[in-house]
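Undergrad: Here's a structure for you.
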Amino acid sequence: MKVFGGLVLAVALAWFLVGLKRESVLTIPEPVTPKPDQVRRTATSFTIGRVELLHLAAIDERNTDARLTRFRDGVSYWHPSVKLGGDLHQENKTAHRDLEIIDEVLSNYRLVYQENPVGTDNEEFAAALTGENPKKVVFIDPGLLSDGELLDRYGNPYIFHPLKADVMDLRSLGPDGQLWTGDDVSLDVEKTKSELGLAREK
1 MKVFGGLVLA VALAWFLVGL KRESVLTIPE PVTPKPDQVR RTATSFTIGR VELLHLAAID
61 ERNTDARLTR FRDGVSYWHP SVKLGGDLHQ ENKTAHRDLE IIDEVLSNYR LVYQENPVGT
121 DNEEFAAALT GENPKKVVFI DPGLLSDGEL LDRYGNPYIF HPLKADVMDL RSLGPDGQLW
181 TGDDVSLDVE KTKSELGLAR EK
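In structure tokens form, the structure reads like this:
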């Protein structure tokens with residue numbers, strides 16, 4: 001009888017332990033994976049002129065400057081300049097017009113900072129124009145960059161050559177992609193160079 005009672009007790013204890021283990025497993029929460037709509041909730045789609053943009057932050061509704069779209073992460077998009085960038089590489093325009101647009105974008109940068117962006121290559125200038133500057137102002141659509149560089153309509157990086165704090169020599173390598181060849185495209189800065197005393201003596 002004692003053996004039978006002990007067996008019943010052992011079986012009961014075994015069932016209790018199995019139930020306890022099962023309960024403990026069921027109460028462990030599974031890793032939570034955010035739903036796609038939860039991820040997209042922080043991204044804001046907006047339009048400046050005909051330029052469609054996406055920024056990973058909410059708009060700061062406290063902004064009162066109509067020239068800007070400001071976001072809660074401190075980044076601001078400068079409307080006049082971003083609109084200009086929307087006209088780059090239009091089929092009915094020329095490579096020279098593209099350079100004029102970039103020059104106007106730089107003028108907007110100088111309006112805010114009183115000088116050209118600082119850099120030694122295309123990537124650094126492109127970064128400054130797309131928000132990597134002290135006030136986090138975006139002057140041109142970041143979507144225009146390719147691997148961090150601003151390219152001309154032929155797929156070559158633009159050449160940025162600062163001549164002075166407020167003067168920039170811009171150049172497209174042209175269809176052949178080679179510098180200092182006949183199909184290079186540049187703005188007429190020779191007069192400016194002469195006025196600055198930068199022109200080479202012949």
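Last residue of the sequence shown: number 202 in our numbering, and the count goes up by one each step with no gaps. Yeah, the Cβ is synthetic: ideal placement off N, Cα and C, and Gly gets one too. None of the values given here were measured: they were computed from a predicted structure.
(1) Between G177 and the rest of its own chain, which residues show a CB-CB distance below 6 Å, the 5 nearest in sequence each way excluded?
(2) Between which two residues does the beta strand (DSSP E) harbouring V167 extend?
(3) On the three-pair Cβ rule with 8 Å, is the segment 77-88 touching the segment 48-62?
(4) Report yes if the CB atom of F125 is closer than 8 Å to the CB atom of P117, and no otherwise.
(5) Taking only runs of the beta strand (DSSP E) that begin and end inside the segment 41-119, which ones reach a length of at least 3 residues, in chain order?
(6) Can you tell me whether DSSP reads L150 as helix, strand or coil?
(7) Decide if the segment 143-159 is in contact with the segment 94-107; the criterion is three or more beta carbon pairs, one per stretch, under 8 Å apart.
(8) What number of angstroms, rounded off, separates the C-alpha of E115 from the C-alpha of G131?
(9) I'd like to know if the segment 56-63 and the segment 85-92 are in contact, where contact means that at least 3 CB-CB pairs between them fall below 8 Å.
(10) Who pairs with L145 in a beta bridge, going by DSSP?
(11) Tell me the rounded alpha-carbon separation between K83 and T181.
(12) Quick one: what's I159 bridged to in DSSP?
(13) Measure how close the beta-carbons of A43 and L56 come, nearest whole angstrom, since I'm counting them as under 8 Å.
(14) Go to L219, then tell me how far its alpha helix (DSSP H) extends in each direction, as first and last residue.
(15) Roughly how many whole angstroms lie between the Cα atoms of H96 and D183?
(16) In the DSSP output, what is K164 paired with across the bridge?
TA: On the basis of the coordinates in this document:
(1) N156
(2) V167 to S172
(3) yes
(4) yes
(5) 44-48, 51-55, 68-70 and 76-78
(6) strand
(7) yes
(8) 16 Å
(9) no
(10) L150
(11) 32 Å
(12) R171
(13) 5 Å
(14) Summary: the structure shown does not reach residue 219, with the chain confined to residues 1 through 202, and so no result is reported for it.
(15) 11 Å
(16) V167
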